[in-house]
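Peer 1: Letter 290 of the sequence shown, counting from 1, is numbered 301 in the working numbering, and no numbers are missing. C-beta atoms are modelled at their ideal positions from N, C-alpha and C, and glycine is treated no differently. What you are looking at is a predicted structure, and each value in this text was computed from that prediction instead of being measured.
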Amino acid sequence: MSSNITITIDNQEIQTTEGEYILNAARANDIFIPAICYLTRCSPTLACRICLVEADGKQVYACNAKAKEGMNITTSTENIEKERRAIMEVYDVNHPLQCGVCDQSGECELQNYTLELGVDSQSYAIKDVSREAKDWGHLHYDPGLCIVCERCSTACKDMIGDNSLKTVPRGADALDAEYKETMPKDAYAMWNKLNKSVIGLTSGEDMLDCTSCGECAAVCPVGALVDTHFMYKSNAWELEQIPATCGHCSAGCQISYDVKHTNVSDDTKKIYRVMNEWNYVSLCGAGRYAFDYENKVEGKDEAAFASAVEAFNKAESIEFTSTITNEEALILQKIKEKTGAKLVNKDAYVFQRFLNDYSEVSGTKLYQNDLKATHNSNFVISIGSALKSDNPNARYALNNSMTINKGAGLYFHPVKDPIIEGLGKSIMTVEHAPLQEEVALYLVLDLFGDKEKVPADVTKYLSTFHSDKTVTVTETIKEEVIEMVKEIKVNEETGEEEEVEVEKKKMVPKKVDKEVVVDHNALLDILGVDTKFMENLEKNLKKKDTFSLIAGPDLYTHPNSKNCARLLALIEQCTDFKVTMIPTLTNTLGVSLICDLDESVTGYTIGYNTKGDFTLSALGNGDLDMPAINQQEGTLTSINKRVNPTNVALPYNGYVLNDIANELGLKADYTVDYTSMLPVEAGFKAVAFDELPNHYENDGTEHRGYLLDKIEVKKSDDTKVAEFNDTKLEGTLIYLANPVRQFSEFTNKCTNVDEISGVYMSEDYLNASDFNEGENVRVKTDNGELVANIVSDNKISGNIAILPTFDSNLNSEALFSDYRFNLASIEKV
12 MSSNITITID NQEIQTTEGE YILNAARAND IFIPAICYLT RCSPTLACRI
62 CLVEADGKQV YACNAKAKEG MNITTSTENI EKERRAIMEV YDVNHPLQCG
112 VCDQSGECEL QNYTLELGVD SQSYAIKDVS REAKDWGHLH YDPGLCIVCE
162 RCSTACKDMI GDNSLKTVPR GADALDAEYK ETMPKDAYAM WNKLNKSVIG
212 LTSGEDMLDC TSCGECAAVC PVGALVDTHF MYKSNAWELE QIPATCGHCS
262 AGCQISYDVK HTNVSDDTKK IYRVMNEWNY VSLCGAGRYA FDYENKVEGK
312 DEAAFASAVE AFNKAESIEF TSTITNEEAL ILQKIKEKTG AKLVNKDAYV
362 FQRFLNDYSE VSGTKLYQND LKATHNSNFV ISIGSALKSD NPNARYALNN
412 SMTINKGAGL YFHPVKDPII EGLGKSIMTV EHAPLQEEVA LYLVLDLFGD
462 KEKVPADVTK YLSTFHSDKT VTVTETIKEE VIEMVKEIKV NEETGEEEEV
512 EVEKKKMVPK KVDKEVVVDH NALLDILGVD TKFMENLEKN LKKKDTFSLI
562 AGPDLYTHPN SKNCARLLAL IEQCTDFKVT MIPTLTNTLG VSLICDLDES
612 VTGYTIGYNT KGDFTLSALG NGDLDMPAIN QQEGTLTSIN KRVNPTNVAL
662 PYNGYVLNDI ANELGLKADY TVDYTSMLPV EAGFKAVAFD ELPNHYENDG
712 TEHRGYLLDK IEVKKSDDTK VAEFNDTKLE GTLIYLANPV RQFSEFTNKC
762 TNVDEISGVY MSEDYLNASD FNEGENVRVK TDNGELVANI VSDNKISGNI
812 AILPTFDSNL NSEALFSDYR FNLASIEKV
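1) Measure the Cβ-Cβ separation of Ala629 and Ile593 and say whether it is below 8 Å.
2) Can you give me the C-alpha to C-alpha distance between Val233 and Leu156, rounded to a whole angstrom?
3) I need the straight-line Cα distance from Asn787 to Asn794, nearest angstrom please.
4) Three or more C-beta pairs closer than 8 Å, one from the segment 248-261 and one from the segment 652-659: is that the case here?
5) DSSP three-state call for Val770: helix, strand or coil?
6) I believe Tyr707 touches Glu31 by the beta-carbon criterion, under 8 Å. Please report the beta-carbon distance rounded to the nearest angstrom.
7) Apart from the five residues just before and just after Lys191, which ones in its own chain have a Cβ nearer than 7 Å to its Cβ?
8) Short of 7 Å in beta carbon distance, which residues of its chain neighbour Thr851, apart from the five on each side in sequence? Order them along the chain.
9) By DSSP, does Ile415 sit in helix, in strand, or in coil?
10) Kindly indicate which residue of Val513, Ala533, Ile488, Asn380 has the alpha-carbon position closest to the one of Lys522.
11) Kindly indicate which three-state DSSP category Lys827 falls into: helix, strand or coil?
12) From which residue to which residue does the beta strand (DSSP E) around Glu838 run?
13) Can you name the start and end residues of the beta strand (DSSP E) that Thr440 belongs to?
14) Using C-beta distances below 7 Å, list every residue in its chain close to Val840, excluding the 5 sequence neighbours before and after it, in chain order.
15) For Glu784, does the three-state DSSP call read helix, strand or coil?
16) Would you identify the three-state DSSP class for Phe695, choosing helix, strand or coil?
17) Would you mind giving the Cβ-Cβ distance between Lys266 and Leu294, rounded to the nearest angstrom? I have them listed as a contact below 8 Å.
18) Among the residues of its own chain, which have a CB less than 7 Å from the CB of Asn822, if the five just before and after it don't count?
19) Give me the residue from Glu94, Cys160, Pro750, Asn810 with the minimum Cα distance to Ser134.
20) Comparing C-alpha positions only, which one of Ile329, Met772, Thr686 sits nearest to Asn620?
21) Output yes or no for whether 8 Å exceeds the beta carbon distance between Ile499 and Lys516.
22) Indicate whether Met413 and Leu548 have their beta-carbon atoms separated by less than 8 Å.
23) Let me know the secondary structure DSSP gives Pro564 once reduced to three states.
24) Ignoring anything shorter than 3 residues, give me the beta strand (DSSP E) runs that lie fully in the segment 505-574, in order along the chain.
25) How close, in whole Å, do the beta carbons of Glu448 and Leu566 come, if the pair is a contact with beta carbons under 8 Å?
26) Is it buried or exposed for His477, if we count other Cβ within 10 angstroms and need 16 for buried?
27) Considering only the alpha carbon of each residue, which of Asp114, Pro180, Ala166, Ser14 lies closest to Tyr407?
28) Note down the Cα distance separating Ala144 from Ile430, rounded to an integer number of angstroms.
29) Here's the rule I'm using: 16 or more other beta-carbon atoms within 10 Å means buried, otherwise exposed. How should Ile767 be labelled?
30) Within 10 angstroms of the Cβ of Lys721, are there 16 or more other Cβ atoms? Answer buried if so, exposed if not.
31) Rounded to the nearest angstrom, what separates Leu10 and Leu63 at their Cα positions?
32) For the segment 275-344, list the alpha helix (DSSP H) runs that are entirely contained and at least 4 residues long, ordered along the chain.
33) If I measure Cβ to Cβ from Val691 and keep anything under 7 Å in the same chain, skipping five residues before and after, which residues do I get?
34) Count the C-beta pairs between the segment 365-378 and the segment 570-581 that are closer than 8 Å, then say yes if the count reaches three, no if not.
35) In three-state terms, what does DSSP make of Pro254?
36) Starting from the Cα of Phe695, find the closest Cα among Leu150, Thr646, Glu510 and give me that residue.
Below, the structure is given as structure tokens:
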């Protein structure tokens, strides 16, 4: 564990942690050190070298040098200023003078540092080479503008885990040898590297094949990498930044909507792009590109509103999705209390039930961990989640744990995932059969449980899976052998040299087989892991001391979900693992904490963003329009147990849910008047919306809304866990999940994340079958059937077909009961 230390920077004493990079320590204390290549949550690349400082009399790079107790640091000396000036001159060599039309102009770090360091002349030159711009799909790369800071490739590797970008040869002439003697040393080294490289694709293909998050373009300090949809659309200074929270998955990512008028003849506001504080949070492709999902309404439909009020007065049930704010959820709860109508939300109901079952054993209302803590761990387990699509930030946290903390992990899931496997050698994947998530939880308890803490009945049950087993192992031993070697010796009688043979003893390695008795764990057999699992796990656990477990939606809908929830609580109590649970949709956690939910609808039903006898919809397909999340003020509760504010980015001219509530006798001027009324007994705070902060500090401290209070609850008198059922699904399998960048009908509506809907099959699946991409197939289960076309998806492997939920026309959910897996027949139509 790192300890607090005191260091001095420019005669200012500051507190930091031992081993922290000097640059981060300086930033956390508002001390400016120039840096171009370094990203806060990534490993240093030393590409720019402009962060030179003097530490205890020695020149070091602030991004790479670690703070030590009593260290004395100077950020500026005569030599350092010469180096920085030369470095910026080098960056400006052959850089096109097209700032007036460059998409980065006005927020370009090359512009900023050139001015900051007073570069008003040029001392260096070299013949340029042809560097043609490239269209990589959703990104445009102009190597002529690229300064090869490597932020894009570093973010892709360390933040995201795609590893899709790398440096490739530039093909330029070598630097003039004279420069090595006349230039400042670091400036020359930086230029020599820069002159050899540009950025290219790891795949060697012409198009980028990744999870399309756009983080590389976001971190680009110049105009080299630009989102294709944003090219030549706006100057940065024309855009108004609206602070908000992403309205798609449950990560609750900080974003800003960059808006301005549509065109010279239409002053209606339009979102041109989404930005993020990339030093502190990474976005997925949906968060960055799925922004035009607003509900365009010209005015208030009074007749439809009157019908809506009438519908609420007679409704027996209100069914809704979790793509609503906390305030809307509270309004629905108050309507239920007033009218007696049932409140039905399928995903929030199962999550609420799971949390309640967990609480009976844990004694706390919510799980203990969050994604930031997961990011800071060095051993992470994921069970019950298709991580890359259920919550991309959970995948990022897993990747960050391994790349930045030199961590390792276990990924349990029936769907083989090349994206997860590609995170590195230290991730061990267990491709178990569906329904065996319960076994995986028991395995974690067995492998990592403190024997003094695990209940005696559980210890006894786990012991039944252990037995002695004799196995043959190969060992390498050292064996002494004698060999004859020829040596030249002097003959004592003749005095002449002669060749003689002498004996030499030598220790040589020898492999021998021996039988040993080992502990055999039958749980591993049930999960189908290979024989080297324990050996590899032991290697990966070396020097690991911070443990996190990510639990996903497969557990919430598992037939034995109650036991899974209790096992998670037991794992937290009896091991060093802390648990983070992935809420299924945007505000599933908020809804589950605010609303008293019912299991199913009866009678006349109002649907909110789902079909009902009378439908309210922010998708523009209902009886009365409602605003989308990017048209509302309000709060959303994230996976990190944080209540985050979001703001109006685009206009909305219709009725809102609060208007209906007021007609029903609930009185509030604005929807956000309910922000301070959110239930404190569930962990919310009585804070008004306008008092909620929404920013990060330089050290990464998050000031967005507030964290839910930790609420303790009474444990159940019966906290026992049940023995697992070793039933598993075998046969033709389907799984309910979305492709990357899709979460709901709202993402499906967006221009820049256009996705073909259908039955997703891996290339392995297609190669082993007689199915072909684009063919129509009928998928049939005991619950129902559908016909859809086959979509080849290289982001999955194995032989399980995926059915998405983002396309309501497909109605995939009708083929499943509760659990996300099911047996099916798939036939060509």
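Peer 2: Reading it off the structure:
1) no
2) 7 Å
3) 20 Å
4) yes
5) strand
6) Not really, about 17 Å apart at Cβ, beyond 8 Å.
7) Tyr199
8) Nothing can be reported for residue 851, as the shown portion of the chain is limited to 12 through 840.
9) coil
10) Ile488
11) The identity of residue 827 in the sequence shown is Phe, whereas the question assumes Lys. Reduced to three states, the DSSP call for Phe827 is coil.
12) 836-839
13) 438-441
14) Asn787, Val788, Arg789, Val798
15) coil
16) coil
17) Sequence inspection shows Ile at residue 266; the Lys mentioned does not correspond to that position. At roughly 7 Å, the Cβ-Cβ gap stays under 8 Å, so Ile266 and Leu294 are in contact.
18) Leu797
19) Glu94
20) Ile329
21) no
22) no
23) helix
24) 508-532, 558-562
25) 6 Å
26) exposed
27) Ala166
28) 28 Å
29) exposed
30) exposed
31) The displayed coordinates of the chain run from 12 to 840. Any statement about residue 10 would go beyond what the structure contains.
32) 296-300, 313-325
33) Ala697
34) yes
35) strand
36) Thr646
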